[in-house]
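Asks: This is the structure, below, for whatever I ask next.
Numbering (my numbering), first residue to last: 17 to 1091.
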């Protein structure tokens, strides 16, 4: 029973160290709403000068101002942590009655009806703020805002449609109300609710504000409208400083089908431009790609408000059907390099048969090529993998909680934890991206009993209580509560032990002291040294508790084999504990602790392993402390502990001084040993063979080999030796391998260390591995051969191929010139797909694709387009293409019947007769054609990866009609080039030609004029002559003299049907026949 209790306590201590960091869960601020109003459905943090607010959305609330209630409008509250009573007050955003429209009934009487419906508009269902700005903007949206429109003449109010337009409001900095009267309504198209602009395939079910985000300066509003255009979805961008707006709608992106609901989640970030104000807009669709999900990035040209696709996010290899990939987006610069990184939530990801555990995918922006967002599998986040917990449902930038210079992230599982009340996980950002294991897990049961959906909404990155650390707001709408979790101040502390000796000789009495029991023993004096530094303002004089334990590793399974002890009075002990108050910051405080005495020689048992002294320390917390400081545990236990060792010395000659002579040699073996260099992708491992020798007679105490290697390779294992690894301050890593204690004289030892090279990427040609043989307690006799540096040549080799096709590959154009009013008047639509594949073996960080598109026909007058570009998109990779599409800004319609008609007319093409040749227009020849150069940059590609570039265009048929071109082959060309530093074994398949045949609806008249009459006469006479010659030949061969039979010459048997003859024959054999 005692043993089990000890194990339980040890586990609890371990969990406290790992999971409980500096977000305080013991004393949160709790804000309560009215039951049923969904208080906590959304939360955000807002800064107004020196005052900080927790803003909470209650989309089913009725309170619209301090003394007014409007049923079902929705409420937004501002909550102050300093107010003890009534901490939350409603923000007056929409307190007016619905607008009214007037109409005449059948009797001519004037009647009034509501022009809009606000009951159920869900104001506060979407919130966002700019926390890094002292007087930042606040955005609140009502995605279910319904517009009814005017009553038609002779109609009734109930005949009007319910138009789910949605709208958003910008709130004044002081939270005193909205900045505009009508809010932002991107789908509003006038008061005529029967206008075709409000059809379902246009603006009728928009739901603008379903998701929303603000730019860093607070002037740009991004709104998701997933219900727009038959639920294809779109985003709307609103510029508050110019009162202009630009829209991107899904009709431009043919890979989205009806019901994709683009705009489910949105975000803004600097994906292309480092530390720049130019932000790109993200929108997700959880239903696109056959329910695999999709994330698209857009950019808006603010000069003319043209929108274009910047890139599409590559799906992870482990993407699952129906996982809701894109449910939540978190744009954050994890590694603090100036480029935005991205976290994508998939809360319905299934780890087991029960499913819905959830997952978050990490995309790191390398910045090496435009928009190179690469999915990092090693940084995939899974929480605790609790079934139906929906990990990744909500995410928020938490700010730099541990103040290491990298932002941290909060991710929720609102149905996880004990009693399924919800859990919020904290993940730390690093210089490489993000840690794959969470640092803190805050459960609803720790905060308050009975709380449900804890973590349904999150907001952070604002220091609400002004203690220098960001805090976190958490919403729990099912319990109508919101919580503010404050961060505890962090104290950096270093501790070390100073020992009176670093080695003990068993052959002399230099360290002998008289112990308390009257026996002279070998001894070690122990002194502790501590130093602290507060990350922010002074927190007073910290009270520190510490303990020193002797030979900790030799207490195992109840057997105590320790070789030294302390005297405490007349009793022995293996540890000692003290308290000390540190009075000065950044200064070492040292204090003698005690003397450790060794057992008698015959009781030592082991003189090979060194004696160990373990120091552990922590802050002593006062029971009355409500937001106590905490030691930084970024390095876990290593941040709170220190170990010192004392080795044994013997076999050191007559002078009792050990002086070994270590020498080291090394070599690198690549893969199976047949390669002479590290071919990335082909060689997965490299083996470092180490040969170390002690040439002297004296032993080395202890003998060690230190291997320093770059962090781009990973230590896998070592054979015949034990190695420990650590990260150095310069970013390299170090493995320390013990080769013997002692490593005896005149001894050789050979061992292998295996490294994996799967993370080696980038434009590098070589790196080095440094070997050093050393003895920690002994001076080497000859240091000239103690070190060796191994050069590792690196080779990147990738075989890129490119293929392409046109769909359709033949189109039919009209025979008469027509006026071009919109995009569908141009001509048949064409989609050309170019596929680039990396056949390996090495991955590449980027690839350049150059596309030449037949653009203009120089023989025709303006406009003389050939293939008029309507859109271009990179699929399966975060690449991008730089080209202006739709240069004339021709409008597209979303009428599905018109789309279907255009598609069918293009597919009903007419094949040319075999042998007939068409005029070819190719970009590589000196033809009368101008080609459009489209440069594209593709992101990272591993071996076997495919990336598709889809070009959507329309054949400008007027150009071919005006020039009487007839049938013509238009050839699009594309080539791919690997990045510099990557060798390519063959380049024969690096170029592709895509042929599109354009046929006229009717065959054009010949350009040679009329046929001469004499040619027609000669042709007719020649035909008659041939006919006569053929008849004469037949006559000569007797064709007209064939023998003809009379009826009386035909036998009866020949006139009898065969089946009857068979029956008669059988009758003669068997008798009767049944007819």
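Backbone N, C-alpha and C define an ideal beta-carbon position, used for all residues, glycine too.
Go to residue 245, then tell me how far its beta strand (DSSP E) extends in each direction, as first and last residue.
Replies: The residue given as residue 245 occupies position 229 in the chain shown. Where residue 245 is concerned, there is no enclosing beta strand (DSSP E), although the alpha helix (DSSP H) it sits in stretches over 244 to 247.
Asks: Near residue 600, which residues of its chain fall below 8 Å by C-beta distance, leaving aside the five closest residues on each side in sequence?
Replies: What you label residue 600 is simply residue 584 of the chain shown in a count that begins at 1. Within the same chain, residue 600 has no close Cβ partners at all.
Asks: Secondary structure at residue 830, three-state DSSP: helix, strand or coil?
Replies: Along the chain shown, one-based indexing puts residue 830 at 814. Residue 830 falls in the coil class under three-state DSSP.
Asks: Taking only three categories from DSSP, how would you classify residue 568?
Replies: In the chain shown, residue 568 corresponds to position 552, counting from 1. Looking at residue 568 - three-state DSSP - the assignment turns out to be helix.
Asks: With H, G and I counted as helix, E and B as strand and the rest as coil, what does DSSP make of residue 947?
Replies: The sequence position of residue 947 within the chain shown is 931, counting from 1. Residue state, collapsed to three classes: strand.
Asks: Where does residue 340 sit, in a helix, a strand or coil, going by DSSP?
Replies: Within the chain shown, residue 340 is the residue found at index 324, counting from 1. Reduced to three states, the DSSP call for residue 340 is coil.
Asks: For the putative contact between residue 624 and residue 710, defined by C-beta atoms under 8 Å, what is the C-beta separation to the nearest angstrom?
Replies: For the purposes of this step, residue 624 is identified with residue 608 of the chain shown, where counting begins at 1. For the purposes of this step, residue 710 is identified with residue 694 of the chain shown, where counting begins at 1. Between residue 710 and residue 624 the Cβ distance is about 16 Å, and since that is not below 8 Å, they are no contact.
Asks: Decide if residue 996 is buried, meaning its Cβ has at least 16 other Cβ atoms within 10 Å, or exposed.
Replies: Here residue 996 refers to the residue found at position 980 when the chain shown is read from its first residue. Residue 996 should be labelled exposed.
Asks: Is it true that the stretch 424 to 441 meets the stretch 502 to 510, where meeting means three or more beta-carbon pairs spaced less than 8 Å apart?
Replies: As far as the Cβ criterion goes, the stretch 424 to 441 does not touch the stretch 502 to 510, which means the pair count is below three.
Asks: Where residue 443 and residue 483 are concerned, what is the direct C-alpha to C-alpha distance, given to the nearest angstrom?
Replies: If you number the chain shown from 1, residue 443 lands on position 427. If you number the chain shown from 1, residue 483 lands on position 467. The straight-line gap from Cα to Cα measures roughly 21 Å.
Asks: Is DSSP giving residue 1046 helix, strand or coil here?
Replies: For the purposes of this step, residue 1046 is taken as residue 1030 along the chain shown, with counting starting at 1. Of the three classes helix, strand and coil, the one that applies to residue 1046 here is helix, per DSSP.
Asks: Which residue wins for smallest C-alpha separation from residue 900, given the options 969, 786, 389, 851?
Replies: What you label residue 900 is simply residue 884 of the chain shown in a count that begins at 1. Among 969, 786, 389, 851, the Cα nearest to that of residue 900 belongs to 969.
Asks: Where do the N-terminal and C-terminal ends of the beta strand (DSSP E) with residue 660 fall, by residue?
Replies: By one-based count along the chain shown, residue 660 stands at place 644. That run of the beta strand (DSSP E) goes 657 to 665.
Asks: Got a sec: does the ligand GDP put a non-hydrogen atom nearer than 7 Å to the Cβ of residue 118?
Replies: As for the ligand GDP, it is missing from this structure, which has no ligand bound.
Asks: Please say whether residue 539 and residue 612 have beta carbons closer to each other than 8 Å?
Replies: Here residue 612 refers to the residue found at position 596 of the chain shown. Here residue 539 refers to the residue found at position 523 of the chain shown. Cβ distance < 8 Å, so residue 612 and residue 539 count as in contact.
Asks: Report the residue from 118, 862, 990, 186 whose alpha carbon sits nearest the alpha carbon of residue 165.
Replies: Stepping through the chain shown from its first residue, residue 165 is reached at position 149. Nearest option by C-alpha distance: 118.
Asks: Relative to the C-alpha of residue 472, which residue among 175, 408, 839, 366 is closest?
Replies: As a first step, residue 472 must be located in the chain shown, where it is residue number 456. It is 408 whose Cα lies nearest to the Cα of residue 472.
Asks: For residue 675, which residues of its own chain have a beta-carbon under 7 Å away from its beta-carbon, when the five flanking residues on both sides are left out?
Replies: Numbered from 1 along the chain shown, position 659 holds the residue referred to as residue 675. If we look at residue 675 and ignore the five residues flanking it on each side, its Cβ neighbours are 712, 714, 794, 795, 797.
Asks: Measure the alpha-carbon distance for residue 478 versus residue 627 and round it to whole angstroms.
Replies: Counting from 1 along the chain shown, the entry for residue 478 is found at position 462. Counting from 1 along the chain shown, the entry for residue 627 is found at position 611. Looking at the two C-alpha atoms, the distance is approximately 49 Å.
Asks: When you compare only the Cα positions, how much space is there between residue 7 and residue 777?
Replies: This structure does not reach residue 7, given that the chain is present from 17 up to 1091, and the question cannot be answered.
Asks: Taking the straight line between their C-alpha atoms, what separation do you get for residue 43 and residue 50?
Replies: Here the question's residue 43 lines up with position 27 in the chain shown. Here the question's residue 50 lines up with position 34 in the chain shown. The straight-line gap from Cα to Cα measures roughly 22 Å.
Asks: Considering only the beta carbon of each residue, do residue 328 and residue 889 sit closer than 8 Å?
Replies: Locating residue 328 in the chain shown gives position 312, counting from the first residue. Locating residue 889 in the chain shown gives position 873, counting from the first residue. Closer than 8 Å, so yes.
Asks: Between the beta-carbon of residue 828 and the beta-carbon of residue 950, is there less than 8 Å?
Replies: Translated into positions along the chain shown, residue 828 becomes position 812. Translated into positions along the chain shown, residue 950 becomes position 934. Cβ distance not < 8 Å, so residue 828 and residue 950 don't count as in contact.
Asks: Taking Cβ to Cβ, would you say residue 790 is nearer than 8 Å to residue 802?
Replies: Start at 1 with the first residue of the chain shown, and residue 790 comes out as number 774. Start at 1 with the first residue of the chain shown, and residue 802 comes out as number 786. Against a cut-off of 8 Å, the Cβ pair of residue 802 and residue 790 comes out as a contact.
Asks: Out of curiosity, what's the CA-to-CA distance linking residue 1079 and residue 1045?
Replies: As a position in the chain shown, residue 1079 is number 1063, starting the count at 1. As a position in the chain shown, residue 1045 is number 1029, starting the count at 1. Its pLDDT being 40, under 50, residue 1079 is placed unreliably by the model, and the measurement read from it follows with that caveat. Each residue's Cα considered, the two are about 52 Å apart.
Asks: Determine the extent of the alpha helix (DSSP H) in which residue 461 is found, giving its start and end residues.
Replies: Residue numbering aside, residue 461 sits at position 445 when the chain shown is read from its first letter. Residues 460 to 463.
Asks: Please go through the same chain and pick out, in chain order, the residues whose beta-carbon is closer than 7 Å to the beta-carbon of residue 180, but skip the five residues on each side of it.
Replies: As a position in the chain shown, residue 180 is number 164, starting the count at 1. Cβ within range, chain order: 160, 162, 221, 222, 223, 243.
Asks: Is it right to say residue 987 is buried, meaning 16 or more other beta carbons lie within 10 angstroms of its own, or is it exposed?
Replies: On the chain shown, residue 987 is found 971 positions in, with the first residue counted as 1. Buried, by the Cβ-count rule.
Asks: Just checking my contact of residue 129 with residue 167 at CB under 8 Å: how many whole Å lie between their CB atoms?
Replies: What you label residue 129 is simply residue 113 of the chain shown in a count that begins at 1. What you label residue 167 is simply residue 151 of the chain shown in a count that begins at 1. Indeed they touch by this definition, with Cβ atoms about 6 Å apart.
Asks: Since residue 422 contacts residue 446 with CB under 8 Å, what's their CB separation in whole angstroms?
Replies: Numbered from 1 along the chain shown, position 406 holds the residue referred to as residue 422. Numbered from 1 along the chain shown, position 430 holds the residue referred to as residue 446. Sure, about 6 Å apart at Cβ, within 8 Å.
Asks: Within the stretch 800 to 850, note down every full beta strand (DSSP E) run reaching 3 residues or more, in order along the chain.
Replies: Listed in chain order, they are 803 to 823, 826 to 829.
Asks: Could you say if the stretch 713 to 728 and the stretch 738 to 752 meet the contact criterion of at least three C-beta pairs nearer than 8 Å?
Replies: Output reads yes: the stretch 738 to 752 touches the stretch 713 to 728.
Asks: Note down, in chain order, each residue of its chain lying with its Cβ closer than 6 Å to the Cβ of residue 467, except the 5 sequence neighbours on either side.
Replies: As a first step, residue 467 is located in the chain shown; it is residue number 451 there, counting from the start. Counting only Cβ-Cβ distances below 6 Å, and skipping sequence neighbours, we find 437, 460, 492, 495.
Asks: Rounded to the nearest angstrom, how far is the Cβ of residue 474 from that of residue 487, given a contact under 8 Å?
Replies: The count along the chain shown starts at 1 and reaches residue 474 at position 458. The count along the chain shown starts at 1 and reaches residue 487 at position 471. At roughly 12 Å, the Cβ-Cβ gap does not stay under 8 Å, so residue 474 and residue 487 are not in contact.
Asks: Apart from the five residues on each side of it in sequence, which residues of its chain come closer than 8 Å, Cβ to Cβ, to residue 588?
Replies: As a position in the chain shown, residue 588 is number 572, starting the count at 1. So the qualifying residues of the chain are 581, 582.
Asks: Residues in the same chain with beta-carbon distance under 7 Å from residue 64, minus the five sequence neighbours each way, listed in chain order, please.
Replies: As a first step, residue 64 is located in the chain shown; it is residue number 48 there, counting from the start. Cβ neighbours of residue 64 beyond the five flanking positions: 151, 189, 190, 191.
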